[in-house]
DNA sequence: GTGAAAGCGCTAACAT
DNA sequence: ATGTTAGCGCTTTCAC
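Protein chains in written order, with my numbering: chain V, 37 to 389; chain W, 37 to 389.
Structure representation (structure tokens):
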């Protein structure tokens, strides 16, 4: 290694010498700690500025066990939902002096274990898990302390750990009501795998809405959150005898696959089949999709989970897990309302030339 | 902080004691260093396994200046190109024991500076910059050593630093030839900002292809890589007198915006206007877009840049920057070829039910 | 071939 | 209010 090129700047000792005080005094000033005479403080501050001293987080980490490193666990960063989430998590963390390492778990417990173990030995302080699956226990035991974990997007199944999630059930309920209002009676739901609790919650909301309508029928196709699972579900349904007239995809990303398949089948949306997604990603807003969806306020989800984690990390004393369920918002667009809605959206967003 | 819960495992001292040797010997064994008698080595190894000893990267970092941390700088993680890139970078790095911190620069030099400074004080070893803009010099001087940097996607303008990029010019040339072959004579190009060198290269390829065709005309609309810039460009053109019959977007993401605007204008693609993107993202493959594009082999770009950086980090001695220009591949799809191509794509990908 | 000892840059008792 | 000192867990001369 080019050791030489690693710019080792001035150390705390240099500052102490320059200010004519001891290192502990400098250390105290650095952390706004205890009582330091105003005059001394000023003198130290001057030396710090003069030398351009910046404390070494590595040395700090060694002695304090703190690294200012947190990780964001997601099942698949190429699903548009996660980059949006990651961006807001990162913004919040950056502001508080933390760096965020993003990891793809692919919903595999071994990946979670491997990654967290490695980062832990690098001094990882906390984790935001946006895709908890069967790795919940592993993560809990690796991190040892509940306050070092926040779940988001998917609610944990077995612990009282903090979480910030959307009101999946309410959002799905509202969406389904919307479809029922439009006279749809055979509704298809393309789910994700069962270990994702948000899927179950959305399913519950859908059933809840449908149970009031006696002649309503629910078709379920189990997918895996992939774009292609949306595609496959639609193709299978459309070949069958009683295809649904409306389809709810478990995510916007899955809806994209479904929409593609409908296009391939030469079916018009929403005239032949209505379609709705879930998430409220930027993608769903494209006039090309004009996708009715349930907005999760992804940025809020990300920001809040980062805030909560960093607070928990900073706070000693009794620990009370935070459980937040944020309201969703139904976004009505052309994929269920048709051209009228499309036009409206277009007119409103009159283009600034 | 809950100091107690930080599982401080066995240290090198424990291992030394258990094996009845000194810490230096254990250290040597850990790094397969120098000469250690086979018997001793075995004994030490046994103690290591027995105690489940794992060296502390933090302590290592303190003494050696190494952190096993690299960063990937991107302009905007919500542009689908970057998550795909990030994923492959991360996979490669993970395998080699490195963690990747992803940062959004938003093409702002101040962001690059702030982030890299912070990470540097955390022991950052290297950076892959996928969106170099006006921050090239800043980055170079911050990192101090060229071997700690690899550029990808956009080629650096002022330095001999290593890079892995696509043959932007060749890809754009080939794409434009394709459009010319289809008898398009008025072609619009939605660019990105001028500081991105890949934009200039693509422009060059386009001009190169058009200069052989006397009656061909190029319209340029300067965008900013945002989806909305694609939208705005199309709307402006379509209101004008001589709208292009074919549009090339600087990225798939921009093409998405353009496609949306075309839909809003009730223009059929490709019958009224042909459209092509650049990147070869997963998005472009959706039957909904069926977007003709130039495949950059994003995964290769990511993997190679990680490989090169980690090699450079590991190698001492003379340093020879690596410059790789990877070939692109023209992906012909419905957005330029029409329904025929659509159908074909569909038939080929017969769905496994 | 192996060990002793001196740090890396900082924090946190414990003194004064 | 400030200084002294002992480490944090490891690497790395320099002896033996």
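All residues carry an ideal CB built from backbone N, CA and C; glycine is no exception. Being a predicted model, the structure only gives us computed values, none of them experimental.
Which of helix, strand or coil DSSP assigns to residue i
i                      : result
residue 51 of chain W  : helix
residue 71 of chain V  : coil
residue 253 of chain W : strand
residue 199 of chain W : strand
residue 277 of chain V : coil
residue 214 of chain V : helix
residue 113 of chain W : coil
residue 161 of chain W : coil
residue 189 of chain V : coil
residue 325 of chain W : coil
residue 368 of chain V : coil
residue 108 of chain W : strand
residue 169 of chain W : coil
residue 222 of chain V : strand
residue 356 of chain V : coil
residue 135 of chain V : strand
residue 181 of chain W : coil
residue 227 of chain V : strand
residue 311 of chain V : strand
residue 288 of chain V : helix
residue 142 of chain W : coil
residue 362 of chain V : strand
residue 300 of chain W : helix
residue 283 of chain V : strand
C-alpha distance - residue i paired with residue j, whole-angstrom precision
i                      : j                      : result
residue 381 of chain W : residue 373 of chain W : Its pLDDT being 42, under 50, residue 381 of chain W is placed unreliably by the model, and nothing is read from it.
residue 207 of chain V : residue 185 of chain W : 46 Å
residue 131 of chain W : residue 93 of chain W  : 16 Å
residue 157 of chain W : residue 78 of chain V  : 24 Å
residue 88 of chain W  : residue 182 of chain V : 24 Å
residue 216 of chain W : residue 285 of chain W : 16 Å
residue 247 of chain V : residue 187 of chain V : 31 Å
residue 251 of chain V : residue 367 of chain V : 26 Å
residue 75 of chain W  : residue 65 of chain W  : 11 Å
residue 317 of chain V : residue 363 of chain V : 16 Å
residue 312 of chain W : residue 178 of chain V : 48 Å
residue 314 of chain W : residue 263 of chain W : 13 Å
residue 176 of chain V : residue 194 of chain V : 10 Å
residue 287 of chain V : residue 238 of chain V : 11 Å
residue 338 of chain W : residue 121 of chain W : 5 Å
residue 326 of chain W : residue 97 of chain W  : 49 Å
residue 220 of chain V : residue 133 of chain V : 51 Å
residue 142 of chain W : residue 57 of chain V  : 43 Å
residue 47 of chain W  : residue 63 of chain W  : 11 Å
residue 307 of chain W : residue 254 of chain W : 19 Å
residue 348 of chain W : residue 229 of chain W : 31 Å
residue 369 of chain V : residue 319 of chain V : 13 Å
residue 365 of chain V : residue 214 of chain V : 12 Å
For residue j and residue i, believed in contact at Cβ under 8 Å, the rounded distance
i                      : j                      : result
residue 137 of chain W : residue 129 of chain W : That pair is no contact at about 10 Å.
residue 124 of chain W : residue 335 of chain W : 4 Å
residue 322 of chain W : residue 296 of chain V : 5 Å
residue 61 of chain V  : residue 80 of chain V  : 7 Å
residue 227 of chain W : residue 201 of chain W : Not confirmed; about 17 Å, so no contact.
residue 234 of chain V : residue 190 of chain V : 5 Å
residue 86 of chain V  : residue 54 of chain V  : 7 Å
residue 164 of chain W : residue 341 of chain W : 5 Å
residue 212 of chain W : residue 241 of chain W : 7 Å
residue 290 of chain W : residue 371 of chain W : With 8 Å as the limit, residue 290 of chain W and residue 371 of chain W do not qualify as a contact, their Cβ atoms being about 13 Å apart.
residue 155 of chain W : residue 105 of chain W : 7 Å
residue 161 of chain W : residue 100 of chain W : Contact flag wrong, Cβ pair sits at about 11 Å.
_Under 8 Å, with one C-beta from each stretch per pair, do the region 320-340 of chain W and the region 355-371 of chain V reach the 3-pair mark?_
no
- Interface positions of the region 120-137 of chain W facing chain V (Cβ-Cβ less than 9 Å), listed along the chain: 120, 122, 123, 126, 127, 130, 133, 135, 136, 137
Could you say if the region 272-285 of chain W and the region 273-292 of chain V meet the contact criterion of at least three C-beta pairs nearer than 8 Å?
no
Can you pull out the residues from the region 215-242 of chain V whose beta carbon lies closer than 8 Å to at least one beta carbon of chain W? none
Using a Cβ distance threshold of 8 Å, determine whether the region 143-150 of chain W contacts the region 166-177 of chain W, with at least three qualifying pairs required. yes
Quiz prompt | Proximal residues, the region 91-122 of chain V versus chain W, C-beta separation under 9 Å | solution = 91, 92, 93, 94, 95, 97, 98, 100, 101, 102, 103, 104, 105, 107, 112, 113, 114, 115, 116, 118, 119, 120, 122
Contacting positions in the region 286-306 of chain V - beta carbon closer than 8 Å to chain W:
292, 293, 295, 296, 297, 299, 300
- prompt: Do three or more CB pairs link the region 228-246 of chain W to the region 267-278 of chain W at distances below 8 Å?
  reply: no
Practice item. Give the residues from the region 159-176 of chain V that approach chain W closer than 7 Å (Cβ to any Cβ), ordered along the chain. Key: 159
Q: Anything in the region 305-324 of chain V with a Cβ closer than 7 Å to a Cβ of chain W? List those residues in chain order, please.
A: 318, 322, 323, 324
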